Structure formats: structure tokens, C-alpha cells
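Peer 1: Protein chains in written order, with the numbering used here: chain Y, 1 to 399; chain H, 1001 to 1466. Cβ coordinates follow ideal geometry from the N, Cα and C atoms, glycine included. Note that the coordinates shown come from a computational prediction; the quantities given were computed from them, not determined experimentally. What follows is a structure written as C-alpha cells; I'll ask about it next.
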Amino acid sequence: MMFQPRVENAVQALGERISHDDILRCIRCGLCSYTCPTYRVENCESMGPRGRLALVRALIEGKLELSPRFAEKFYDCVLCAACTSACPGGTQSDAMMLEARRILYKAGLAPEPIAGLLARLEAQHNISGEDNAGRLMWSSNMERAPGGLGRRQAEMVYFVGCVSSLFPMSFSIPQAFSRTLDLAGVNYALLGEAEWCCGYPAYISGDVELARQAAAHNLEVIRSAGARQVVVTCPSCYHVFTHIYPELLGEGALAGLKVLHATELLADLLEGGALRPAGQAVRVTYHDPCDLGRKSKLFLPPRRVLHAIPGLELVEMASTGENSLCCGGGGNVESSAPSLVESMAARRLAEAQDTGAELIVTACQQCKRTLTSAARKRRVRMRILDVVELVWQALSAEG
Amino acid sequence: MEFCREFVQELEQIVGPAYVHTDPVDLQCYAFDATFEEWRPDVVVRPATTDEVARVLRLCNEARVPVIPRGMGSGLAGGTVPSPNGGLVLSLTRMNRIQEIDEVNMTVTVEAGVITADLQAEVERRGLFYPPDPSSIKHSTIGGNIACNAGGPRCLKYGVTKDYVMGVKAVLADGRVFSAGGKPIKYVTGYDLPALLTGSEGTLAVVTEALLRLTVKPTVARTAAVAFHDLDLASQAVNKVLWAGFVPATLELMDDTTIHTVEEYLHIGLPLDAAAMLIVESDGRDERVVDDEMQGMVEIFRAAGAADVRVAKDEKERDALWRGRRSVSPSLARRRPHKLGEDISLPRSAIPEAIRRIKGVAAKYGLPIAIFGHAGDGNLHPNILFDRRDAEEWARVQQAMAEIFAIALELGGTLTGEHGVGIMKRPFVSQALDPTAVEAMWRIKRALDPHNILNPGKVFPAEVTG
Ligand SMILES: Cc1cc2nc3c(=O)[nH]c(=O)nc-3n(C[C@H](O)[C@H](O)[C@H](O)COP(=O)(O)OP(=O)(O)OC[C@H]3O[C@@H](n4cnc5c(N)ncnc54)[C@H](O)[C@@H]3O)c2cc1C
Ligand code: SF4
Ligand code: SF4
């Protein structure tokens, strides 16, 4: 009971940020459960949006106290926002899930793996906890060093993000993208160890202050590189730059800086003729990452990229675009409930298989990782590629 | 109700510890449905098989523990909300397997927890069709649909859930399992127990499996919106269409308050000067036949004095028309914080009079009431819009609701056409039903569930249950 006073403060803070009216907007119809990936795996009310909202409401109404079990329900939510988009009454459910995580964190009730993650972020400014100096490891065994490597000043910064920088399984993404940028003659710089985690993992774990520090630092180093554009391959980095940085640092946070997702840049380069891919006779389906699609509304650019590859056939899955199903890789759930994540990924894989495609293309290293490892475990014979990898494949095939 | 540790342990032995919940966090999530009612159960159990359900019921029957069956909790009558005595919520959502699709006999066998939309999608892949279409198909289960005898817009042509239940597997209060009904379409050997359980709201037995009839999926649909300046004209037009032998798939009605509220929300050009708007749909498998049917109905509507008839030219226009209907609920939600949606059911001829009288109630209590519903079958949804936090207003809402029920009964109708009685309409049941009929129902209930453990406090008025 040591944390009792903190709990009380936290609950009070919740009452200030979420009003009873906001929460009463939910008329408890249950429609959002149908689209919720965690509900559909567990078929359990406490693992769906309506149940989670009921918990927040009970907390505000004084009918329930914070507890580790309470925390579990919110740190098991992948924050995919499918519930928000499904609600006919306009309930901002995912924002409430996030708010609940904040007070849980303040109350010292974040699950153990989340606490560990936050400690790593604080110490090393990345999610892996390795020395941040290793951020360019992905480029070390490339035949030709990426053009952005030595550049201190450039028009554009390629912000690589933690997973692609530090997890060997994802190195192929920055490798492919930097090669493509070089081929197109783009003047860009890499930040190396000056790049910190974008702040999203801290933000969604509840530690807003840590996220704010990351935001301020990253914008400063980007600006001091003289850049006016930032390009990212990671959808979460994209979402946090465009939607959360202004919230953390004020409306003008991005003044003079344009943030692009790799697919926006590639679509323009491909359509403008700066890149000429060889034909790829392949049937693919596209998986919308939640942070890029539903949460940032970039549905079109990745599809424009795919359409620019001659011979490629795109077949959409049953749930796509705004209704796309989360791969399970969101919300840091992986660290606390890996088997839940695998079950969610399996549902997405089943939808992909139904299309008859041989390849799942996504635009996210995390979606790729989540789907790939579930496919391996469940012996699903489908390949998963990030769209930047596919583009490089088509470009290098031409020679 | 405090449970002893041994009771919970026995439950855990039956379904596995992961599926027995006693933490307040879990209990809170099973304390409500889609109404304002809220009461926490003492324990939630989530079985995976009929056998587990049977063993849980046997245990509860011996211990006299109330059991509240639950599907997806989308009920609009408080049927799956525990009573103040608490009890055990029996959630059937893990039992969600589609067991057999028999294409020759056109049937499907499913577990009770299958989500209705999932069942529809699965049979439609094979060109088959499960027609009952409550608006809640994505958030209700087949078990819940059977327990409430759910219906929807398509019911004029296709009927309601009970018209599709050919058989059930169910568990009695004492834990004994029985099957009833089967694949033969004609089946009069003994009482029709599947029909008895349909609409029984979890008070007679727990349905664990259902054998459902399917039809062939219609492939063509045509939709029209028809506006009338006068309610009586609209009602007469509906009768003329039906007398001419047309059986439209849907015949939805929206009154002027509803039209205005939707238009404010969507701006899709609905006729703001109309007293009523009908959305009519014709469907089938032959384009010419469907076109002819729509054409025939349009002619009748025009001759009967329709102010405006708009037939959707393509799928996009058709979708726009339905968008208006589908947006009724959300648009009402934006007008006032809360709404109470009733579902009185009337003889078709009484619709205009009922709407007029309900408008009188709205004026009397100073509450906006939007009325929409199914003109073809007489099921109306008067939705009272209000702010629950205003105690005085809430009191007026309750009075208005009681008057609406009285109107329905005076006009030869009944309290509920789709949602069931649950907790919400219990106080009105005695007015709505013949006392001897209520007694007969209570005897059936006691014969099947002598200790009254299955969903106690629901359906039957307090004066009957004692
Ligand atoms: C937005 C919205 C729109 C709706 N539209 C319609 C509509 O158009 N038409 C319509 O008819 N209804 C409608 N409803 C009401 C509701 O969806 C239906 O009553 C539905 O059938 C309930 O199914 P459920 O699985 O959610 O059941 P629950 O709400 O969980 O339970 C409902 C009742 O059934 C009992 N029950 C559930 N499962 C079983 C079982 N396996 N065995 C025995 N008893 C059981 C429960 O004890 C309870 O009494 C709507 C509800 C909402 C919120
Ligand atoms: S959040 Fe919206 S969709 Fe979900 S239960 Fe509440 S009202 Fe229904
Ligand atoms: S954000 Fe996603 S996982 Fe979380 S409750 Fe909503 S739909 Fe479910």
C-alpha cells in the first residue's frame, strides 16, 4: 500500500483529463468489440474496448481502485485505434486507453517489462538498451557505405528509428532505403548516435516527460543538421513526429520542418521517373500499419508505390485501410504478453492467406517482425517484406 | 453473495483457472449490457464446451447460485445484467465454433457464442444466406439472438430468428443436456422445444448449440426512399403495396424528428418537409424481377400520394440511402447525451395513430422523441432523447416511457417486438399479458428450473416471482 497517495493523485489527474461526459459518450453498445484485435483473440469483455472503458468509468465513479490487474488490461491493449474508428458515437476510446496507462505509470503500476523498457530508454535513449553509439551498425557490412553516413549537413535527415537501427532482423530496411535514396540522388544525412528513440515507446507507456525530452532533443539535432525535411521508414516515428511532438512541445514544434514517411517520398520519386523499377510479376497484399494508416491517414502513398512497380498485382485483405486489423505488434504488448501478440498476428496472416497473395507487403519494421515471427511459428508459408525492401528489390533487379 | 473458496475452486476445476474471474476488475466488465443497468456479478465463468456448461450448472443448482447467461452483452433490456443478488455470469463467447455447414439441406450448426456477422460471412462464402439481421449483427451472438428472438429490417420478407431455429442443444438448470429439433423441415414429434427456448431470455435453459435454417443468398437489390407529407397517406401506401402482393425485403420508416436529426448530422438532402420517409428495398436473384418489383411499388407509392420518390441508380446511391438509416442512432446521440430506445410492436394499421399519440407525449413532457422503425411489421422504435444527469428530466423520461407502453397496449400492440423484457420492462408485463398466460409461463419456468437459478429477476413481474 506504499503507493496509495500516488494512486489518489493519479486518479484525480485522470478525472481532470477525461471528463465523466467523455466517458458517458460510450453507450455500451459493444460494436467496437468486433474490430478489437485483443477482444477477437480472447473473446473476453475485459480484453475489449467496451470493458476497458467501463474500467476507466468505474475508476472515475469511485467504484474501482487501481491494481496490477487493472494495469494488465491497459498494457494488453495494442493502441490500434480500431475501436475509435468503429464507434458511431465518436468515443475517443484509444485516447482513454492511453490516459489510463499514464495514470497507471504515475501510480507505479506499469508492468515489470514496461518499467524495464523505460529504464533502458532513459539510460541509452533506445529501446534495446545497447550503447546508442551502435545506431549505425546496420550500415557496417554494406558493400558501399550509405551516402548519408558522412554528411553532417543536408537538406533531409533520414531518421532511422530504434528497431531498424539496432535489431539485425530489420537491418535490411534502412539498407534498402538508403541505397534507394542514393540511387535517386537524394541529399540526406544520418544522425547516428545523435538520434534518440523518437519518444513513442515512452509516450505510450505513460512516461510523457521522457517522451518530451526525446522530442526536444531530436528536433534540435535535426535542425542543427540544417535539414528542412525528415524522412522516416517507421510509422510510429512518423506518427509521433507529426501528431505527438506538437502536443508535447507546442503547436509550432515542427515549424520549417516537413516530415515525410518513406512511402510518400518513394511514391513521388517513382511517379516522377527518378526511380525506374524492373517488373515484378508477383501478387501481393498490403498490410496497413496502424500508426501509418488509421492513426496518420497515410493509406494512399504505400499503394501508389506498389502501383508504380510494373507487373505487380495488389489484392486487398478483407479488413483494409481504415478498418485494417492490427498485426498485434503495437502498444509494446509484445514485452508483456507475447502469446497474445502471436494470436493476433495469426488472425492477420489468415486474412492475408485468404487473398491468395504470395507476399505480404507492409511499411513498418515492427509489423514485418511480428508477422514474420508468427508465420514462422505457425508454419504459414508467406513472405513478409517492407515496401522499401520490395522497391529496392525491383530497382536492383534492373541492375 | 459471498462465495466460499471451495465453490470457486470447483469452478476452476471444470473450466480451468484462466476462465474463472473473481477480481473486481473482471467483474466490472460483466456488470452491464447496452442499457443503463449495472450490477456486478460475484463470479464470471467462461466455459468452452457444452459439457463444461452442464457441470457449472449442476454445481450452481446444488448451491442455489443464480446463473446469468451472457452472449456479447448487446442486449437492450438488461437481460444479462446481474440482479442485486449478484450471481454467476456464464459467458458463452468462447463457444464460437461453426461446426457444420450442410449445403444440401441448407443448414448450419453453430455453438451459441458465434457472432452473428461471422456466421453470415461464413455461409455467404458458399452462396448461402442467414437472413435475420438485427442491427447488432457484429456485436451479438447466435445464443443471444435466440434468447431474445432477435429481428431486423429484413424480417417482413424473411422473418425473425425463430423462423430459422430448427434445433438446439441446451442445458437445463440441473445440468442435464438435451437436444431438440433437427434437420427435417417438418417436425411435429412432441412439443417444439427450440421454439420454447427462442425468446426465453436465458430463464429456461442455456442454449449451447443451434441448428439454423439457411436460404440462398439474394444477389440483386434495389432501394428507394419515399417521402410523404402525411402519416396516414404513408400508412395507406404501405398497405396498398402489401395488398398488391409485393413483399419488399425491408420497409423502414423514419418520422420527421428523425429525418431532421439525421439531416443535421449528415447533410445528405433528406426531405425536411416530410412527415415520414420510407426506405424500401426489393431483393432477389433475377435483376429483371427485382427491377419490376421496385417499379411496381414506386407506381403504387406515387399513386398513393408520395411527395417524393427516389430510386437509387447504383450501388453508391443505394449505400447513401442506407447510410441515412444506419446513422439514426449516432445522430440521435449527438443531439442529447442519452437516449432511451423502446421497441413497441403494433398492428400495422395502428402506426399513424401511435406516432401521433407519441408526439403528444413528447410535447407533454417537453422531451424530443424520434420515432423510426419497421413500417412493414409494425415494430416502432420511439427514442426519447434526454440528459440522464438531470434527475428531474430522468423522472419525466420514465413517465413518458410508461405512457408509450400504455399507448402500444391500447392500440392492440405489445411492449417489445425485438429487445425482450429483461429487467427494464418487467414492471409492465402484468399490464401487457393475460394473467393466466403469465401463470402458465411461470409454471413452465418452475418445471424446468425449480430453484429459479436461471436468470432470476428477469421477465416475470415481481408479483409473480414473489
Ligand atoms: C446498437 C444496437 C442495435 C440493436 N439492434 C437490434 C435489432 O435490430 N434487433 C434486435 O432484435 N435486437 C437489437 N439489439 C439488441 C440485442 O443486440 C439483441 O437482443 C441480441 O440478440 C443480444 O445478443 P447478445 O449476444 O448480445 O446477448 P446478451 O445481451 O448477452 O444477452 C441477451 C439475453 O439473452 C440471454 N442469453 C444470451 N446467450 C444465451 C444463451 N446461449 N442461452 C440462453 N440465454 C442466453 C441473456 O441471459 C440475456 O437475457 C440491438 C442492440 C444494440 C446495442
Ligand atoms: S465506444 Fe462506441 S462502439 Fe464502443 S461500446 Fe461504446 S458506444 Fe459502442
Ligand atoms: S486500441 Fe485496439 S486493442 Fe486497444 S481497445 Fe481499441 S481496438 Fe482494442
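Got a sec? Which residues, its chain only, sit under 6 Å from Leu269 (chain Y) by beta carbon, not counting five neighbours each side?
Peer 2: Translated into positions along the first sequence, residue 269 (chain Y) becomes position 269. Once the five neighbours on either side are set aside, the close Cβ partners of Leu269 (chain Y) are Ala184, Leu275.
Peer 1: Can you give me the C-alpha to C-alpha distance between Leu1204 (chain H) and Leu1090 (chain H), rounded to a whole angstrom?
Peer 2: Locating residue 1204 (chain H) in the second sequence gives position 204, where the first residue counts as 1. Locating residue 1090 (chain H) in the second sequence gives position 90, where the first residue counts as 1. Each residue's alpha carbon lies about 14 Å from the other.
Peer 1: Could one say the Cβ of Val1020 (chain H) lies closer than 8 Å to chain Y's Cβ atoms, at least one of them?
Peer 2: Sequence index remark: in the second sequence, residue 1020 (chain H) carries index 20 (1-based). So no, Val1020 (chain H) is outside the interface.
Peer 1: Using a Cβ-Cβ cut-off of less than 9 Å, list which residues of the region 1300-1321 of chain H approach chain Y; keep chain order.
Peer 2: Answer in chain order: no residues at all.
Peer 1: Going by alpha carbons, who is nearest to Glu1418 (chain H) out of H:Ala1150, H:Val1238, H:Gln1120, H:Val1328?
Peer 2: Position 418 of the second sequence, counted from the start, is the residue given in the question as residue 1418 (chain H). Checked all of H:Ala1150, H:Val1238, H:Gln1120, H:Val1328; the closest Cα to Glu1418 (chain H) is H:Ala1150.
Peer 1: If you follow the alpha helix (DSSP H) that Gln353 (chain Y) is in, where does it begin and where does it stop?
Peer 2: Locating residue 353 (chain Y) in the first sequence gives position 353, counting from the first residue. Gln353 (chain Y) -> alpha helix (DSSP H) spans 338-354.
Peer 1: On the three-pair Cβ rule with 8 Å, is the region 181-197 of chain Y touching the region 137-150 of chain Y?
Peer 2: Cβ pair count under 8 Å is three or more, so yes.
Peer 1: Measuring alpha carbon to alpha carbon, tell me which of Y:Leu257, Y:Glu122, Y:Pro201, Y:Asn323 ends up nearest Arg101 (chain Y).
Peer 2: As a first step, residue 101 (chain Y) is located in the first sequence; it is residue number 101 there, counting from the start. For Arg101 (chain Y), the nearest C-alpha among the options comes from Y:Pro201.
Peer 1: Does chain Y have any CB closer than 8 Å to the CB of Lys1138 (chain H)?
Peer 2: For this step, residue 1138 (chain H) is matched to residue 138 along the second sequence. Yes, contact with chain Y.
Peer 1: Quick check on Ser178 (chain Y): buried or exposed, where buried means 16 or more other Cβ atoms within 10 Å of its Cβ?
Peer 2: On the first sequence, position 178 is the one that residue 178 (chain Y) refers to. So Ser178 (chain Y) ends up on the buried side.
Peer 1: With DSSP run on the structure shown, which of helix, strand or coil describes Phe70 (chain Y)?
Peer 2: Position 70 of the first sequence holds residue 70 (chain Y). DSSP places Phe70 (chain Y) in helix when its eight states are reduced to three.
Peer 1: Kindly indicate which three-state DSSP category Leu1380 (chain H) falls into: helix, strand or coil?
Peer 2: Start at 1 with the first residue of the second sequence, and residue 1380 (chain H) comes out as number 380. Here Leu1380 (chain H) sits in strand by DSSP.
Peer 1: Below 7 Å on C-beta distance, what does Met1294 (chain H) contact in chain Y?
Peer 2: Stepping through the second sequence from its first residue, residue 1294 (chain H) is reached at position 294. By Cβ distance, chain Y contributes nothing, its closest Cβ being about 29 Å from Met1294 (chain H), past 7 Å.
Peer 1: Determine the chain Y residues that contact Pro1330 (chain H) at a beta-carbon separation under 9 Å, and present them in chain order.
Peer 2: As a working note, residue 1330 (chain H) is residue 330 in the second sequence. By Cβ distance, chain Y contributes Cys87, Pro88, Gly89, Gly90.
Peer 1: Between the region 65-81 of chain Y and chain H, which residues of the former have CB atoms less than 9 Å from a CB of the latter, in chain order?
Peer 2: Result list: Glu65, Ser67, Arg69, Phe70, Glu72, Lys73.
Peer 1: Buried or exposed: where does Arg1005 (chain H) fall if 16 or more other Cβ atoms within 10 Å of its Cβ makes it buried?
Peer 2: To locate residue 1005 (chain H), count along the second sequence from 1; it is residue 5. Flag for Arg1005 (chain H) reads exposed.
Peer 1: Establish whether the CB of Tyr1187 (chain H) and some CB of chain Y are separated by less than 8 Å.
Peer 2: For the purposes of this step, residue 1187 (chain H) is taken as residue 187 along the second sequence, with counting starting at 1. It does not: the Cβ of Tyr1187 (chain H) has no partner Cβ on chain Y nearer than 8 Å.
Peer 1: Taking the beta strand (DSSP E) that Arg1213 (chain H) belongs to, which residues open and close that run?
Peer 2: Reading the second sequence from its first residue, position 213 is the one you call residue 1213 (chain H). Its beta strand (DSSP E) spans residues 1206-1213.
Peer 1: Which one of H:Val1361, H:His1139, H:Ala1077, H:Gly1167 has the shortest CA to CA distance from Val1108 (chain H)?
Peer 2: Here residue 1108 (chain H) refers to the residue found at position 108 when the second sequence is read from its first residue. Of the listed residues, the one whose Cα sits closest to Val1108 (chain H) is H:Gly1167.
Peer 1: From the beta carbon of Arg101 (chain Y), is the nearest beta carbon of chain H less than 8 Å away?
Peer 2: Reading the first sequence from its first residue, position 101 is the one you call residue 101 (chain Y). No, because no Cβ of chain H sits closer than 8 Å to the Cβ of Arg101 (chain Y).
Peer 1: How would you label Lys1339 (chain H), buried or exposed, when you count the other beta carbons within 10 angstroms and need 16 or more for buried?
Peer 2: Taking the second sequence and counting its residues from 1, the one referred to as residue 1339 (chain H) is at position 339. Burial call: buried.
Peer 1: Which residues bound the alpha helix (DSSP H) around Asp400 (chain Y)?
Peer 2: Coverage of chain Y is limited to positions 1 through 399, which leaves residue 400 (chain Y) absent and any answer about it impossible.
Peer 1: Going by beta carbon distance, what residues of the same chain come within less than 6 Å of Pro301 (chain Y), once the five residues before and after it are set aside?
Peer 2: Numbered from 1 along the first sequence, position 301 holds the residue referred to as residue 301 (chain Y). Around Pro301 (chain Y): Thr263, Glu264, Ala267.
Peer 1: Counting only beta-carbon separations shorter than 8 Å, does Asn1145 (chain H) have a partner in chain Y?
Peer 2: For the purposes of this step, residue 1145 (chain H) is taken as the residue at position 145 of the second sequence. Chain Y, which has no Cβ nearer than 8 Å to the Cβ of Asn1145 (chain H), makes this no.
Peer 1: Along the chain, where does the beta strand (DSSP E) that runs through Ser1282 (chain H) open and close?
Peer 2: On the second sequence, position 282 is the one that residue 1282 (chain H) refers to. Start and end: 1276-1284.
Peer 1: Closer than 8 Å, CB to CB, is Gly1073 (chain H) near chain Y or not?
Peer 2: Against the second sequence, residue 1073 (chain H) aligns to sequence position 73. Closer than 8 Å to some Cβ of chain Y, the Cβ of Gly1073 (chain H) qualifies, so yes.
Peer 1: Under a CB-based cut-off of 8 Å, is Asn1096 (chain H) close to chain Y?
Peer 2: On the second sequence, residue 1096 (chain H) is found 96 positions in, with the first residue counted as 1. Yes, Asn1096 (chain H) lies at the interface with chain Y (some Cβ there is under 8 Å from its Cβ).
Peer 1: Could you tell me the alpha carbon to alpha carbon distance between Met1 (chain Y) and Ala71 (chain Y), rounded to whole angstroms?
Peer 2: Looking up residue 1 (chain Y) in the first sequence gives position 1. Looking up residue 71 (chain Y) in the first sequence gives position 71. With a pLDDT of 35 at Met1 (chain Y), under the threshold of 50, the modelled position of this residue cannot be trusted, and the question is left open.
Peer 1: Leaving out five residues on either side along the sequence, give the residues of the same chain with a beta carbon under 8 Å from the beta carbon of Val1216 (chain H).
Peer 2: Mapped onto the second sequence, residue 1216 (chain H) falls at position 216. Only Met1106, Gly1127, Leu1128, Phe1129, Arg1285 meet the Cβ criterion.
Peer 1: Name, going along the chain, the residues of the region 1114-1139 of chain H whose beta-carbon falls closer than 8 Å to a beta-carbon of chain Y.
Peer 2: Against chain Y - using a Cβ distance shorter than 8 Å - the residues of the region 1114-1139 of chain H are Ile1115, Ala1117, Ser1136, Lys1138, His1139.
Peer 1: For a contact meaning CB atoms closer than 9 Å, what does Arg1046 (chain H) contact in chain C?
Peer 2: The structure shown contains no chain C; its protein chains are Y and H.
Peer 1: With DSSP collapsed to three states, give me the class of Asp76 (chain Y).
Peer 2: Position 76 of the first sequence, counted from the first residue, corresponds to residue 76 (chain Y). Asp76 (chain Y): coil per DSSP, three-state reduction.
Peer 1: Going by DSSP in three states, Ala1031 (chain H) sits in which element: helix, strand or coil?
Peer 2: Locating residue 1031 (chain H) in the second sequence gives position 31, where the first residue counts as 1. Of the three classes helix, strand and coil, the one that applies to Ala1031 (chain H) here is coil, per DSSP.
Peer 1: Please check if any C-beta of chain Y sits within less than 8 Å of the C-beta of Gln1099 (chain H).
Peer 2: As a working note, residue 1099 (chain H) is residue 99 in the second sequence. Chain Y, which has no Cβ nearer than 8 Å to the Cβ of Gln1099 (chain H), makes this no.
Peer 1: Grab me the residues of Phe1428 (chain H)'s own chain with a C-beta within less than 7 Å of its C-beta, minus the 5 sequence neighbours each way, in chain order.
Peer 2: Stepping through the second sequence from its first residue, residue 1428 (chain H) is reached at position 428. Counting only Cβ-Cβ distances below 7 Å, and skipping sequence neighbours, we find Phe1405, Leu1415.
Peer 1: Pick helix, strand or coil for Phe177 (chain Y), following the three-state DSSP scheme.
Peer 2: For this step, residue 177 (chain Y) is matched to residue 177 along the first sequence. Phe177 (chain Y): helix per DSSP, three-state reduction.
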